[in-house]
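For reference, the structure is listed below as structure tokens.
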Amino acid sequence: MENLKYIRDSLYGNIKVEGVFLELIESPELQRLHGIKQLGFTYLVYPGANHTRLEHSLGVCHMARKICNKLGVEEDIVGVAALLHDVGHGPFSHTLEYLMHKRTGKDHVEITKEIVEGKRRLPDFEYEASIKEILAKYGIDAGKVAKILDGKKGYMSEIIHGSLDADQIDYLMRDAYYTGVAYGIIDSERIIQTMRIHNDSIIFERKGVSALESMLVARALMYSSVYLHKTVRIAELMLIKAVERSPPFDFSYFTDYELLEKLKQIGEYQRDMVIRLKYRKLFKKAFARGWGELNQREREMLAEMEDVKDIEEEIARRVGLDEGYIIVDIPGKDIMLSEPRIRKVDIKI
Numbered sequence: 008m009e010n011l012k013y014i015r016d017s018l019y020g021n022i023k024v025e026g027v028f029l030e031l032i033e034s035p036e037l038q039r040l041h042g043i044k045q046l047g048f049t050y051l052v053y054p055g056a057n058h059t060r061l062e063h064s065l066g067v068c069h070m071a072r073k074i075c076n077k078l079g080v081e082e083d084i085v086g087v088a089a090l091l092h093d094v095g096h097g098p099f100s101h102t103l104e105y106l107m108h109k110r111t112g113k114d115h116v117e118i119t120k121e122i123v124e125g126k127r128r129l130p131d132f133e134y135e136a137s138i139k140e141i142l143a144k145y146g147i148d149a150g151k152v153a154k155i156l157d158g159k160k161g162y163m164s165e166i167i168h169g170s171l172d173a174d175q176i177d178y179l180m181r182d183a184y185y186t187g188v189a190y191g192i193i194d195s196e197r198i199i200q201t202m203r204i205h206n207d208s209i210i211f212e213r214k215g216v217s218a219l220e221s222m223l224v225a226r227a228l229m230y231s232s233v234y235l236h237k238t239v240r241i242a243e244l245m246l247i248k249a250v251e252r253s254p255p256f257d258f259s260y261f262t263d264y265e266l267l268e269k270l271k272q273i274g275e276y277q278r279d280m281v282i283r284l285k286y287r288k289l290f291k292k293a294f295a296r297g298w299g300e301l302n303q304r305e306r307e308m309l310a311e312m313e314d315v316k317d318i319e320e321e322i323a324r325r326v327g328l329d330e331g332y333i334i335v336d337i338p339g340k341d342i343m344l345s346e347p348r349i350r351k352v353d354i355k356i
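If you want it as structure tokens, here you go:
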């Protein structure tokens with residue numbers, strides 16, 4: 008195995024990878040991310056959005072090491088955690104995370120930690136070196152990497168997953184680049200240059216406030232225009248419905264393609280959903296009400312509602328449609344699970 012390579016990245020140009028980083032990238036766990044689109048079904052609206060979780064993982068690693076270099080802290084272990092931070096993602100990224108969490112009690116962070124610590128392996132690759140074994144070969148403690156990913160290592164964790172971090176910097180810039188929208192353009196250099204460590208936390212100098220505010224605005228615009236686009240949301244709900252109406256199976260280690268192929272084999276409804284998604288024959292929005300249009304009683308009722316299946320079936324019966332062809336969407340919990348950082352902003356100046 009060569010011990011040094013340069014990977015050409017769309018955003019950052021040549022990224023040098025060597026040693027533990029190169030061996031991790033060539034592991035089955037990281038290579039699986041080639042088969043998972045970073046933005047799920049967003050390509051149905053923005054045709055260029057075909058970039059993958061592996062591209063993003065490389066970008067976060069590059070950005071995290073850049074931040075470490077600026078702060079004068081250990082690059083390797085933070086860079087390794089950054090490279091591995093999404094290794095536990097299931098197919099179609101965040102789309103099925105709420106369903107997986109509801110069934111197993113685990114989100115992609117928990118699964119990532121299990122992979123890092125060698126407790127979970129990909130089928131057919133049990134006899135290859137695990138992530139834990141690769142890390143040990145280079146003197147890196149898998150348990151410490153898992154703690155960084157779990158938010159238990161102070162500023163090290165915050166470099167990857169904080170209020171403003173390497174993860175967000177990369178996904179905003181990368182997603183904007185591939186979708187072709189201008190909202191995600193941020194001054195990453197200025198943000199990094201104003202970072203400091205204080206009391207084991209990442210803080211920012213006051214001179215970086217304008218760049219920080221611009222990034223928060225960019226994030227809000229990307230959510231409203233790209234991540235929560237109504238057509239993308241409809242496609243996601245159709246996939247969720249196809250999985251919900253299937254006998255339970257472990258899809259956590261699938262790629263996007265493998266999940267769709269599995270669903271096609273389960274039944275006619277699942278096959279119809281897959282074909283509709285493949286050829287963009289999507290459901291249409293029939294009725295919508297915004298949060299601001301609801302009174303207090305309605306808001307409380309929706310907040311307490313756990314399952315809308317009975318409502319969907321009743322509407323389908325009344326309009327003469329088969330079950331599964333009416334979807335009631337109350338977004339909230341699933342979005343907060345996939346991106347809890349949009350709930351609040353806690354930036355230390």
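Using this note's numbering, the first residue of the sequence shown is number 8, and each one after it goes up by one.
From the three backbone atoms N, C-alpha and C, an ideal C-beta is built for every residue, glycine too.
Counting along the chain, the unbroken alpha helix (DSSP H) around Asn76 starts and ends at 60–78.
Beyond the five residues adjoining it in sequence on each side, Met70 comes within less than 7 angstroms, by CB distance, of Ala173, Ile176, Asp177 in the same chain, given in chain order. Collapsing the DSSP output to three states places Glu135 in coil. For the options Leu156, Arg278, Ala293, the alpha carbon positioned closest to that of Asp93 is the one of Leu156.
In the DSSP assignment, Leu11 is bridged to Glu25.
The secondary-structure analysis by DSSP pairs Lys44 across a beta bridge with Thr59. For Arg203, the enclosing beta strand (DSSP E) begins and ends at 202–205. If one requires a minimum length of 3 residues, the beta strand (DSSP E) runs lying completely within the stretch 140–224 are 202–205, 208–211, in chain order.
Counting C-beta pairs closer than 8 angstroms gives three or more between the stretch 202–222 and the stretch 66–80, which meets the contact rule. Rounded to whole angstroms, the gap between the alpha carbons of Lys160 and Lys154 is 6 angstroms.
Boundaries for His101: no alpha helix (DSSP H) harbours it, and the DSSP string shows neither H nor E there. When rounded, the separation of the alpha-carbon atoms in Gly339 and Tyr230 is 13 angstroms.
In the displayed model, Gly112 falls within coil according to three-state DSSP, outside both helix and strand.
Here the alpha carbon of Ile354 sits roughly 13 angstroms from the alpha carbon of Tyr162.
At the C-beta level, Arg127 and Pro255 stay beyond 8 angstroms of one another.
About 6 angstroms separates the Cβ atoms of Gly55 and Thr186, confirming a contact at the 8 angstroms cut-off. Cβ-Cβ distances below 7 angstroms link Leu106 to Ile247, Val250, Glu251 in the same chain, with the five nearest sequence neighbours on each side left out; the list follows chain order.
Three or more beta-carbon pairs separated by less than 8 angstroms link the stretch 112–132 to the stretch 95–102, which places the two stretches in contact. For Gly66, the closest C-alpha among the options Ala88, Lys237, Gln272 is that of Ala88. A direct Cα-Cα distance of roughly 13 angstroms separates Val335 from Ala242. Ser100 and Arg60 do touch by the CB rule: their CB atoms are close to 7 angstroms apart, below 8 angstroms. Judged by DSSP secondary structure, Leu37 falls within the alpha helix (DSSP H) whose first and last residues are 35–38.
In this structure Ala149 touches Glu124 by the C-beta definition: roughly 5 angstroms separates them, less than 8 angstroms. Gly146 sits away from Ile209, with the two beta carbons spaced by 8 angstroms or more.
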